[in-house]
Amino acid sequence: MIEIKPTRHELKSRRINLDTGRENVAVISRRSTALRPEVFRGFSRVELRSNSKVLLATLLLTDDDSLVGPNELGLAEPAFHRFAEPVGTYVSVTPAPSPASLDAVRAKIQGRTLGASDIDAIVEDLTHFRYSDMEIAAFLVSSAGFMTSGELLALTRAMSKAGTQLKWNANVIVDKHCIGGIPGNRTSMIVVPIVAAHGLTIPKTSSRAITSPAGTADTMEVLARVDLSAEAMKEVVAACNGCLVWGGHVNLSPADDILIGVERPLSLDAHEQMVASILSKKLAAGSTHLLIDLPIGPNAKLTSASEAMRLRKLFEFVGDHFGIETEVVTTDGRQPIGCGIGPALEAQDVMAVLANEPLAPRDLLEKSLRLAAHLLERDPALRGGAGYARARELLESGAALRQMQKIIEAQGPTPYRAEVGTLTADIPAAVDGVVSTIDCLRLNRVARTAGAPLDKGAGIKLFRKIGDRVDQGEPLYRVHAFEPSQFELAVAMAQNDPGYLIDGHDSPGGVRA
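The following block contains the structure:
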């Protein structure tokens with residue numbers, strides 16, 4: 002066997018058990034035998050090459066030879082997976098200039114309008130992980146300041162073309178999307194089996210939670226696999242007319258996932274970026290008819306009807322431009338939907354509605370039927386206004402439940418346990434009265450502190466909603482967790498401020514529960 006010897010500027014790759022998120026990170030020894038670390042001063046990134054493979058990474062130095070030796074190049078987990086070369090591969094390391102598209106980002110920071118080619122270049126570099134989080138943040142913040150309609154269309158198009166493009170045999174491909182922010186709002190998991198049972202095609206790709214206690218993909222994962230490939234997804238849709246899978250694994254609009262990861266911690270929710278984010282994925286997914294759910298409420302992403310109207314017009318403008326028939330509805334976002342907050346608890350609500358259980362949450366049931374009705378009326382065979390009656394018929398007959406069971410079987414068994422957290426504590430009302438306000442953001446934080454969504458069974462079980470009468474000492478909700486430390490923190494947080502406002506005879510202005 003002939004041993005391949007490294008050239009003077011090559012190092013042997015080594016895998017480092019370090020999760021650096023989106024960033025590619027490479028590590029060399031300060032005593033490197035092949036490279037002089039001082040050469041890299043002034044460069045934020047290096048270029049790694051092995052045969053035809055090229056990867057840009059942030060370079061770090063170490064004095065710990067047990068981490069990386071003088072003749073080695075350490076690759077953190079994300080960089081190792083993206084480089085996709087075996088341990089021991091010889092890799093050349095050279096200073097890398099900043100991506101050329103950063104000139105366009107600087108122009109945007111200075112207030113200039115970008116052309117389509119500029120935005121194409123930015124998205125290309127984003128999807129190849131050539132930007133640091135700081136540079137991504139610069140693009141997001143400058144775009145949030147102002148974005149023209151031309152820039153919005155160019156960003157949507159560029160993002161949709163950057164990943165997988167799904168094509169379907171049917172002429173009508175329906176889809177729905179909620180802009181989020183409302184706990185427990187798992188209507189997609191009821192709408193999809195209703196619409197699929199009717200016979201329309203609804204290939205639903207959903208996201209995982211970033212700052213919420215559960216995304217649709219997290220909740221569906223309690224029941225079935227969601228990390229399907231594009232080909233596996235197509236097989237499920239062919240067999241069941243629909244699916245509920247994680248969009249990140251299908252690689253639809255990968256630049257969007259990168260942008261969202263930086264956008265959420267900055268609390269950026271610019272309408273133009275939101276529209277580009279959502280419609281780029283729907284365009285890549287092959288949707289022809291799209292229903293957008295805009296919840297309005299004091300703690301929702303949209304707090305007024307006028308704000309919702311502006312966002313609706315943006316969705317319709319971009320949807321029309323790309324040939325997606327887009328319908329936008331506004332819904333009640335004043336409080337959580339359903340009784341559960343957290344993947345396993347939300348999955349219980351979904352299956353209770355599909356099984357027509359008497360105690361299934363009525364708000365989740367009714368909202369799902371109304372949304373399903375809008376999509377069913379995309380079927381030319383249904384008369385106008387008949388969608389709601391058809392949706393109720395499919396649910397009450399058990400057809401929707403059977404369709405959901407078929408989808409679950411087709412997607413395959415989940416590797417996660419569906420048990421609800423066994424550490425529990427009830428959070429009581431402090432006074433007698435009527436619930437007047439529920440702080441969705443507060444309940445989200447309590448559920449996440451309890452361990453959701455990483456612990457599927459962690460979260461909150463609600464007992465009271467707006468308008469309900471409650472006596473002092475009666476439970477408003479129950480906290481569920483598995484880990485004692487997270488449980489204690491969540492309970493303390495809930496006891497300090499449960500997120501409920503109660504109006505009573507002695508407190509007409511309302512008091513914290």
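Everything in the sequence shown is counted per my numbering, starting at 2 for the first residue and increasing by one. Heads up, the beta-carbon is just placed ideally off N, CA and C, and yes, glycines get one too. None of the values given here were measured: they were computed from a predicted structure.
Per the coordinates, the alpha-carbon of isoleucine 180 lies some 13 Å from the alpha-carbon of asparagine 300. For histidine 10, the CB contacts under 8 Å within the same chain, skipping 5 residues up- and downstream, are Ala35, Leu36, Ser93, Val94, Thr95 in chain order. With respect to the 8 Å criterion, alanine 430 and glutamate 475 are classified as neighbours on the basis of their beta carbons. In this structure, methionine 405 lies away from glutamate 273, with their beta-carbon atoms at least 8 Å apart. Here proline 429 carries a strand assignment [DSSP, helix/strand/coil].
Straight across, the Cα-Cα distance linking lysine 457 with glycine 422 is about 8 Å.
In the three-state reduction of the DSSP assignment, alanine 356 falls in the coil class. Per the coordinates, the alpha-carbon of isoleucine 293 lies some 35 Å from the alpha-carbon of asparagine 25.
A distance of 8 Å or more separates the beta carbons of valine 192 and serine 51.
Going by DSSP, valine 227 is part of no alpha helix (DSSP H) at all; its letter is neither H nor E.
By the CB criterion at 8 Å, valine 329 and leucine 154 fall outside the cutoff. The shortest CA-to-CA distance from serine 189 to any of Ile503, Ile338, Gln473, Asp472 is the one to Ile338.
The alpha-carbon of leucine 57 is positioned some 48 Å away from that of tyrosine 478. In the three-state reduction of the DSSP assignment, threonine 90 falls in the coil class, being assigned neither a helical nor a strand state. Under the DSSP definition of a beta bridge, cysteine 179 partners with Asp294.
Following the DSSP letters along the chain, one finds valine 26 inside the beta strand (DSSP E) bounded by residues 26-30.
Leucine 141 and glutamate 264 do touch by the CB rule: their CB atoms are close to 6 Å apart, below 8 Å. When the Cα atoms are used, glycine 413 and alanine 491 turn out to be separated by approximately 33 Å. Boundaries of the alpha helix (DSSP H) around valine 193: 189-199. Per DSSP, the unbroken beta strand (DSSP E) holding histidine 481 starts and ends at 476-482. In this structure, Leu103 is the residue among Leu103, Arg131, Gly112, Val175 with its C-alpha nearest to the C-alpha of aspartate 119. Taking each of Tyr132, Ile174, Ile467, Ser281 in turn and checking the Cα distance to leucine 377, the smallest one comes out for Ile174. Partner residues in the beta bridge of isoleucine 174, as assigned by DSSP, are Thr202. Take aspartate 440, set aside five residues on each side of it, and the residues of its chain with a beta-carbon closer than 6 Å to its own are Asn300, Gly500, in chain order. According to the DSSP assignment, cysteine 244 belongs to the beta strand (DSSP E) that extends over 243-247. In this structure, the alpha-carbon of alanine 159 lies about 55 Å from that of aspartate 433.
It is roughly 39 Å from the alpha-carbon of glutamate 48 to the alpha-carbon of glycine 182. Separation of proline 98 and arginine 131 (C-alpha to C-alpha, rounded to the nearest whole angstrom) is 10 Å. For the pair of segments examined, the segment 388-398 was found not to touch the segment 449-465: the number of CB pairs separated by less than 8 Å stays below three.
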